[in-house]
Amino acid sequence: MPRRQNFLQNANSPTPRLLRAGGATVLPLVLPAAPNPSLPPAVSVRGLVKRYGAVEALRNIDLTVHTGEMFALLGPNGAGKTTLFSILATLRTPSEGAAAVLGRDVVSERDAVRRSMGIVFQEPAIEQRLSGRDNLLLMGLFYGLSGAAARRRASELLERLGLTEMADRPAKSLSGGQRRKLELARALVTDPGILFLDEATLGLDVESRRMFWAQVRGFTSTGRTVFFTTHYMEEAEVADRIALIDSGRIVALDTPRALKARVGGGVIRLETDDNDRARLWLEERGFALEAAGPGLMLVHGDPAAVLPEILRHLPVKVHRVEVHEPSLEDVFLKLTGRGLEAELAAGGGRGRP
Amino acid sequence: MIRGIYAVVVLDLKRAWLDRVRLAVGLAQPLLYLFVLGSGLGASSKMAGSYRPYIFPGVLGLSLLFSATFAAISIVFDRQVGFFKAVLVAPLSRTAIALGKIASGAIQAFIQGFIVLPFAPLAGVPLDLHSFAALLGAMLLAAFTFSAMGVAVAARFTSTTVFPVVSNAVLLPMFFLSGALYPLQGTPRWMQGAAHFDPVAYAVDLMRGAVLSTPGSLAASGRAELFFFPVWLSLAVLAAVVSALVWSAVRTFNRGEDDSSLGATRINWRR
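Taken in sequence, the protein lines are chains E and G. Quick note: the first sequence uses this note's numbering, first residue 1028, plus one each step. Quick note: the second sequence uses this note's numbering, first residue 14, plus one each step.
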């Protein structure tokens, strides 16, 4: 294990990762390259299978998350995100294979794993009628701190996350962003070595989300690991590496930049009045089309150069043209032939029992 | 373990304190039994004026029984959403959760019963130091028994609407068979027999014995028998019942294919 500094002390060290401006925490301009593959892995998953009756929610997952890494798990609903998350969080047991968090097996060394991690759930996990301070105090007691130590820790965290002013109000009277911060504070009560976040910013506005991730970034800068799932593409891009999961399998695992490089230079999307004819025409001229939902998706090294040519000669009427840098959405489309959101509309939620 | 139990108790008591108005409202029911039912039934019974002192321990039992099982509902709520989700991923044994829930239910019931005590003189129950101490001891044992009953049952339910219905269906017969409102000595043989299987009867009997042992009380003047069951039998039965229920509650909490369910099986957990 690396020597860890205290997360709280680090905030006041001479080279803080987070700059404090007028009480608000802002993202520093240069993000630290924290992940360190030479250290033992923070999360190690081998041959993991999870079955619910006849349904295979996870099919032979292999995964390594480095210490100090910010790692995102991205995929449509029902892909197995929550199941994998629950197994790592010791709430479910694997049907086959093994998973270890900070070197401890999630089944046989469950309590050791629990002591060393913090979790922010998608659903609220604070007692809404009690104050923020009471929530943190109680969580400290549940983790075996003495009353005095739990009280001290609660005050420190409230101060650190800028919640001191509303610390003694019932949690339900806080804003959505403040409540999420309180959830983060709750997860940090025991100064965990790894933080698990499951869709932690669901329903927050952009500003609150930005603040939330700034706080989380502050956490990884002290050599700790963050493992998170999300629906928001731009959130996944703050990760050091991203695993794309689909139908219980990891379909890709790389840095955001490398993932996007798989798609190539740029993405052209076309909508025409006869997509089939256009597809045929393009394929005859050697363009490789992606099997991607409605419309046509074309990946090319230099879209700006070929697009005028295509538009001039395409024998069908074009309604709409879109050219953009490849996004993670495009990567997912290319790899699975389906969009991340498409599954949502289809109501595929079987992975969440 | 001890810290885990302590944490569960602190959580529950903090939440109960938010509902402290319930203590006052919870006082209405025993007072109603004591002064309305007690006066009405007493007037038409052979016991007349001594009826109210007679049912006083029974009414205490009622108060303890209903508040202890009501406290157990929090288990059913906790399973659904909220803070407990985070508690379940804390390094805390399920045994500590079960014991903490039983302890917090017992404490809440004890407090609810305790605030009925100031009405003892009004009900014609003289208490001296010795009988007061004996009564508190009996109340404590009763509170733990009833709380363990509530937790052992609530541990098996995940529906906040089903549990109260079931508990009422079980509680009322237990209360009526306990001899809380009439001497078991005069009841038909089958009722006396059934009372032997009712833990509430033993608890009420112990409390009544404690109350009636005061000089100048009903028993001293020979108008009522001190105990229906031998004291050793009551103590033994209650100890056995508490142990069995604690064991059962702990086992239920540790059960479950997935650790997030707090013992609920997959079938009812989804509801």
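Idealized CB from N, CA, C, for every residue including glycine. All figures in this text were calculated on a predicted structure; none of them were measured in a lab.
Separation of residue 1363 of chain E from residue 1300 of chain E, as counted between CA atoms = 25 Å
Proximity to residue 1074 of chain E [Cα-Cα], best of E/1111, E/1068 and E/1098 = E/1111
Would you list, in sequence order, the uninterrupted beta strand (DSSP E) runs of no fewer than 3 residues that lie entirely inside the region 1114 to 1141 of chain E?
-> 1123 to 1128
What is the DSSP secondary structure of residue 187 of chain G, counted as helix, strand or coil?
-> helix
Below 9 Å between beta carbons is the criterion; list the residues of the region 78 to 106 of chain G that meet it against any residue of chain E, in chain order.
-> 94, 95, 96, 97, 98, 99, 100, 101, 102, 103, 104, 105 and 106
Under the three-state reduction of DSSP, which class applies to residue 1353 of chain E: helix, strand or coil?
-> coil
Given a limit of 7 Å on CB to CB distance, which residues of the region 1166 to 1190 of chain E reach chain G?
-> 1166, 1168, 1169, 1170 and 1171
Where residue 110 of chain G falls: helix, strand or coil (DSSP) = helix
Compare the Cα-Cα distances from residue 160 of chain G to each of G/17, G/204 and G/22 and report the closest residue.
-> G/22
What are the residues that DSSP puts in a beta bridge with residue 1098 of chain E?
-> E/1254 and E/1268
Proximity winner among G/47, G/215, G/224 and G/256, relative to residue 246 of chain G (alpha-carbon distances) | G/215
Identify every residue that forms a DSSP beta bridge with residue 1293 of chain E.
-> E/1327
Measure the alpha-carbon distance for residue 1170 of chain E versus residue 1184 of chain E and round it to whole angstroms.
-> 15 Å
Give the interface partners of residue 129 of chain G over in chain E, defined as CB-CB distance under 8 Å, in chain order.
-> Those within 8 Å of residue 129 of chain G in chain E number zero; the least Cβ separation is about 27 Å.
Contacting residues, own chain, Cβ-Cβ under 6 Å from residue 191 of chain G (five flanking each side not counted) = 211, 213, 214 and 217
If you measure from the CB of residue 1195 of chain E, is any heavy atom of the ligand MG nearer than 6 Å?
-> Only the bare structure without any ligand can be found here, which leaves the ligand MG out of the picture.
How about residue 264 of chain G and residue 70 of chain G: are their beta carbons less than 7 Å apart?
-> no
Report all residues from its chain with a CB closer than 6 Å to the CB of residue 1361 of chain E; omit the five preceding and five following residues, and keep chain order.
-> 1290 and 1317
Residues near residue 1167 of chain E by beta carbon distance below 6 Å, same chain, minus five either side = 1177, 1180 and 1216
Any beta-carbon of chain G closer than 7 Å to the one on residue 1154 of chain E?
-> yes
Below 8 Å on the Cβ atoms is my guess for residue 1198 of chain E versus residue 1158 of chain E; work out the distance and round it to an integer in Å.
-> 7 Å
For residue 51 of chain G, count neighbouring Cβ atoms within 10 angstroms of its own Cβ and tell me buried if that reaches 16, exposed if not.
-> buried
Apply the 10 Å Cβ neighbour rule to residue 1186 of chain E and answer buried if 16 or more other Cβ atoms are within range, or exposed otherwise.
-> exposed
Can you tell me whether residue 1262 of chain E is buried or exposed, with buried defined as 16 or more other CB within 10 angstroms of its CB?
-> buried
Beta-bridge pairing of residue 257 of chain G - partner residues as DSSP gives them | Paired residues: none, contrary to the question.
Establish whether the CB of residue 1360 of chain E and some CB of chain G are separated by less than 7 Å.
-> no
When DSSP builds the beta bridges, which residues end up paired with residue 1314 of chain E?
-> Answer is none; residue 1314 of chain E lacks a bridge partner.
Go through its chain and collect everything with a Cβ distance to residue 123 of chain G's Cβ below 8 Å, but skip five positions before and after it.
-> 77, 152, 153 and 156
My understanding is that residue 1256 of chain E touches residue 1097 of chain E, with C-beta atoms under 8 Å, so please give their C-beta distance in whole angstroms.
-> That pair is no contact at about 13 Å.
Sorted by chain position, which residues of the same chain lie with C-beta nearer than 7 Å to residue 105 of chain G's C-beta, five sequence neighbours on each side aside?
-> 17
Is it a yes or a no for the region 190 to 206 of chain G touching the region 123 to 139 of chain G, going by three-plus beta-carbon pairs under 8 Å?
-> no
Which chain G residues are close to residue 1195 of chain E, counting only those with a beta carbon under 7 Å from its beta carbon?
-> Per Cβ cutoff of 7 Å: no residues; residue 1195 of chain E is ~13 Å from chain G at best.
Residue span of the beta strand (DSSP E) that contains residue 1078 of chain E, given as start and end | 1070 to 1079
With contact counted as at least three CB pairs below 8 Å, one residue from each stretch, are the region 30 to 44 of chain G and the region 72 to 90 of chain G in contact?
-> yes
Assuming residue 1322 of chain E and residue 1298 of chain E make a contact with CB atoms under 8 Å, what is their CB distance in whole Å?
-> 5 Å
Evaluate the contact criterion for the region 53 to 68 of chain G versus the region 173 to 180 of chain G: three or more CB pairs, one atom per stretch, below 8 Å.
-> no
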